[in-house]
Amino acid sequence: MFIIPLSLLFFSASLFFPPMPQSLNHPLHLLLCDAPWSKSSLPDSDSDLDHDPEQESNPQPPQPPPQRQKGEVYRVWLASRVPSQRNGGYSTAGAQRPLTRANLRLAQRIAELCVPQILHIFWSRHPVRTFFMVAFSFIRGTFPVFKGYTHALIINEVQSLISSGHYTWSHLIRLVAAEFVRLAAEKSLDTFATNNELFVQNSARYLVEYKQMEQRVRLDIPTLSDPTVRDLLAESDLFVSSFQGAGGFGLLSPFDLIRIFSLLSELASHVFVLSTISYGPLSILAFAISFLSAAYPLVQSSLLPRTYRFDSPVYSEDEIRLTEKQEQMRQLSLSDTHRPEVMLFGLGPWILQTWATARQAVLGLHSSQQSSHSPSSLFSHFNVAEVIAALQNLPFVLMLQTSTSLGSLALYRSSVQSIVYTISTLFITLQMAVQGVFLMGAFCASMEIEPFLQPKKGSQVKYVSTSGGMKIEARNLSYTYPGCSEPALRNVSFTLEAGETLAVVGYNGSGKSTLGKVLSRIVDFNSGELFINDVDVRRYDPAELHKATTAVFQSFCKYNGTVAENVGVGYIPDLDHPTALRRAVHLAEGDHIVRSLPHGINTRLDALGLDSMSYSSAGMGASGTRAPWTSHGLSGGEWQRIALARAFMRAHQPEVHFLLFDEPTSALDAHAQNKIFQTIDTIARGPDADESAPRVKTVLFITHRLSVARRADKIAMMQDGSITEFGTHDELLKLGGSYAALYQASV
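According to mature numbering (1 follows the signal peptide of the UniProt record, and there is no 0), the sequence shown holds residues -16 to -1, 1 to 731 in order.
Structure below.
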């Protein structure tokens, strides 16, 4: 449906535009989102990449990870990106593409590749309704002509009655009755068509939003670290937003594109009306005057672009940047999270000034005024409305010299004006369609992205569980964060046998947390080898490894939900099982926290940690008590126990073989810390096992507290991204190196 008008537009427009050369050139979330409930069976109806300042010296431009071969849609979309004159890179995501011959050809190619996919979205769910939606678009385009025709008949009848002096009302009454019937039929058909279109639109909107969400939960951190992929996803989001319809936010949705058929039908109907008129020299003169007077406002809009701007409402790169800046400042002024530092550092005036500058620029208040002596300003002082009104009356005077009736003249004039208006609307719609096609291309290309950590086809092997835990062997692992020149990991090598416990210690910025993310397949490594159970880790599906792993990351997630939801996301199958939830809370020594909350385990938590910082009594009941939906704040130590309970939800599952804890007790006292690590050791040995039983799960924990590290079978001392010492606590003390010095200092 879309491909025919778009192809004609791109082919014809490309003949008039000069060519422009283009070059075709939260870790926890990732662990949890691979659960069965996140897979792609279509229903019927913040990751922590931060590292220490020592690693940020001499930053280099971000280098995207080596992605797999992209499809043609991606390559064509990338070729349409306009190089930015500001920094030499690509323009801001969502910025308007210039209407050049090269871009029009690229848009035509995207339409050829993507329109069938988008058509399938409409047709797959409701083919009959979709057919009626398109058919009604044609039919509704003829409504103005029927309206003008019936009005012309009534005007002619009134003119005939007045000129004849014989007032026989029967025929006039029949015409008026026919007009009411037409109105009722048009209203009924329009109501049915609107409801049908709304139903199809909501269904298609749900499908594209579902596809978007389905793809987002699959993508991993290395993929999302690619700036081009982020821009691709941003433009894909704009396309999905356009399904709100009616050209909202300057976006043209496929539903708006379907309305082109209505415009074409209306245009053809009015042309047919004009073709029925007998043309002589006087008629041609009247037609020319009518057409020019109706088209003058469009000509004036091109002569006076600042006064009568009629451009496609797609934002420029500067507008996008300024809009982002003003929104950033507005969020800072409202954010409870940033409120303490806003107050402490006195950021209020800076926020206000930055917002005001950006807002004034967006509203055009900084734009220099045109010279009052320019030709455009002289034209703008004319009262052209009166001139146009006078010109539009001339055809009446000219046509009255002939035998033309008033009704025919009214129909004639209405058709001329409608043709001009329809052509202008059609032109603007097609102009917006060119920009919308690139957003559609971004959506289709984003659906083809494969997660970077996903093994290549043919090389994947199934993860096979072992009874004694997970064996991990690293050989010369190195990793550098995008945008950094210094690696976070340098030639890391060690072997952790199944069922062993490893403590990773070291100074700040030594790469401990990064190592944990690499081992858990949250991020990839740049060089070296990593083997899990003697198999190259890159041959495993990360989802299978994540199912065999539980973790508490140093920057764990806080969800705006109840205690039960914050704990239950650790193992979705038991999310609605109170017994499993309370067991996990008990293992994390959090029973007293739940008892102190107003609604127990069903208390909603404030992820900002500021106890909602309410500015009114909206969250209080009539008796001054908290409403059930009011969020409750927790301290840092209490949140850490919630994160531990989340990890314990799945830690005891038989399919889990690797327990990773990154500073899991940093906010707890020594007594609570000992209990937590005793619980971890108990879980690692399996249910109903005594302290002498062998471990059935491999444990790795990262800590600054060396009194905790001595619990481990092996200790890895890290400095500057490398493991400098590796062995037992006693072995490292005898070595007398960095670990011994750090231990003596801590003691």
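A virtual CB, placed ideally from N, CA and C, is assigned to each residue, including glycine. Given the structure is predicted, the values throughout are model-derived calculations rather than measurements.
Got a sec? Which residues, its chain only, sit under 6 Å from Leu(-8) by beta carbon, not counting five neighbours each side? At Leu(-8), the pLDDT of 45 sits below 50, so the modelled position is not reliable; the number obtained from the coordinates is stated separately. The answer, listed in chain order, is Leu414.
Nearest neighbour of Ala218, chosen from Ala429, Asp714 and Asn510 [CA to CA]: Ala429
Label Arg536 either buried or exposed according to how many other C-beta atoms from any shown protein chain fall within 10 Å of its C-beta, with 16 as the threshold for buried. With the sequence shown as reference, residue 536 is identified as Val, and Arg is not the correct amino acid for it. It counts as buried.
Since I believe Leu473 is in contact with Leu503 (beta carbons under 8 Å), could you give me their beta-carbon distance rounded to a whole number of angstroms? Wrong, their Cβ atoms sit about 11 Å apart, outside the cutoff.
Sort Phe223, Glu715, Glu198 and Leu652 by Cα distance to Leu423 and report the nearest one. Phe223
Decide if Val112 is buried, meaning its Cβ has at least 16 other Cβ atoms within 10 Å, or exposed. exposed
Would you check if there are 3 or more beta carbon pairs closer than 8 Å linking the region 457 to 474 to the region 137 to 152? no
Just verifying my parser: in three-state terms, what is the DSSP assignment at Leu159? helix
Going by beta carbon distance, what residues of the same chain come within less than 7 Å of Ser187, once the five residues before and after it are set aside? Arg109 and His110
Touch test, the region 404 to 414 against the region 477 to 488, Cβ-Cβ under 8 Å, three pairs minimum: no
Which residue marks the beginning of the alpha helix (DSSP H) containing Thr338, and which one marks its end? Gly332 to Val346
Cβ atoms of Ala696 and Ala487: under 8 Å apart, would you say? yes
Specify whether the region 150 to 160 and the region 196 to 204 touch according to this definition: at least 3 beta carbon pairs, one from each stretch, less than 8 Å apart. no
Can you check whether the CB of Ala725 is closer than 8 Å to the CB of Phe710? no
Rounded to a whole number of angstroms, what is the C-alpha to C-alpha distance between Thr84 and Val346? 26 Å
Is it a yes or a no for the region 639 to 646 touching the region 666 to 684, going by three-plus beta-carbon pairs under 8 Å? yes
Might you give, ordered along the chain, the residues of its own chain that have their beta carbon closer than 8 Å to the beta carbon of Ser97, omitting 5 neighbours on each side? The sequence shown places Leu at residue 97, rather than the Ser named in the question. Once the five neighbours on either side are set aside, the close Cβ partners of Leu97 are Glu56, Val57, Val60, Gly425 and Cys428.
Sequence ranges, alpha helix (DSSP H) only - wholly within the region 107 to 133, length at least 4: 111 to 125
Thr308 versus Gly78, Gly495 and Ala86, residue with shortest Cα-Cα distance: Note on residue identity: the sequence assigns Glu, not Thr, to residue 308. It is Gly78.
Check whether the region 545 to 563 and the region 505 to 520 are in contact - that is, three or more C-beta pairs closer than 8 Å. no
Taking the alpha-carbon positions, what's the Val591 to Asp215 distance? Going by the sequence as given, residue 591 is Ala instead of Val. Cα-Cα distance, rounded: 28 Å.
Are the beta-carbon atoms belonging to Phe127 and Glu170 less than 8 Å from one another? yes
Where Phe478 sits in the DSSP three-state scheme: strand
Drop a sphere of 10 angstroms on the beta-carbon of Phe183, count the other beta-carbons inside from all chains shown, and report buried for 16 or more, exposed for fewer. exposed
Between the C-alpha atoms of Thr175 and Ile433, what's the straight-line distance to the nearest angstrom? 41 Å
Would you mind reading off the limits of the alpha helix (DSSP H) that contains Glu622? Gly620 to Ala635
DSSP on Thr307, reduced to helix/strand/coil? helix
Nearest residue (CA-CA) to Pro238, options Val118, Tyr447 and Val400: Val118
Pull the bridge partners of Ala700 from the DSSP assignment, please. Val488 and Phe710
Same chain only: Cβ atoms within 7 Å of Asn9, ignoring 5 sequence neighbours per side: Below a pLDDT of 50, predicted positions are generally treated as unreliable, and Asn9, at 37, falls in that range; the measurement from the model is reported next regardless. Once the five neighbours on either side are set aside, Asn9 has no close Cβ partner at all.
Buried/exposed call for Asp295, threshold 16 Cβ in 10 Å: Note on Asp295: pLDDT 45, under 50, position unreliable in the model; no value is reported.
Note down, in chain order, each residue of its chain lying with its Cβ closer than 6 Å to the Cβ of Gly125, except the 5 sequence neighbours on either side. Ser246, Ser249 and Glu250
Give me the Cα-Cα distance between Leu716 and Ile585, rounded to the nearest whole angstrom. 44 Å
Quick check: the Cα distance between Ser259 and Val192, rounded to an integer number of angstroms? 44 Å
In the DSSP assignment, find the alpha helix (DSSP H) that holds Thr663 and state where it starts and stops. Ala654 to Arg669
Between the beta-carbon of Arg523 and the beta-carbon of Gln444, is there less than 8 Å? yes
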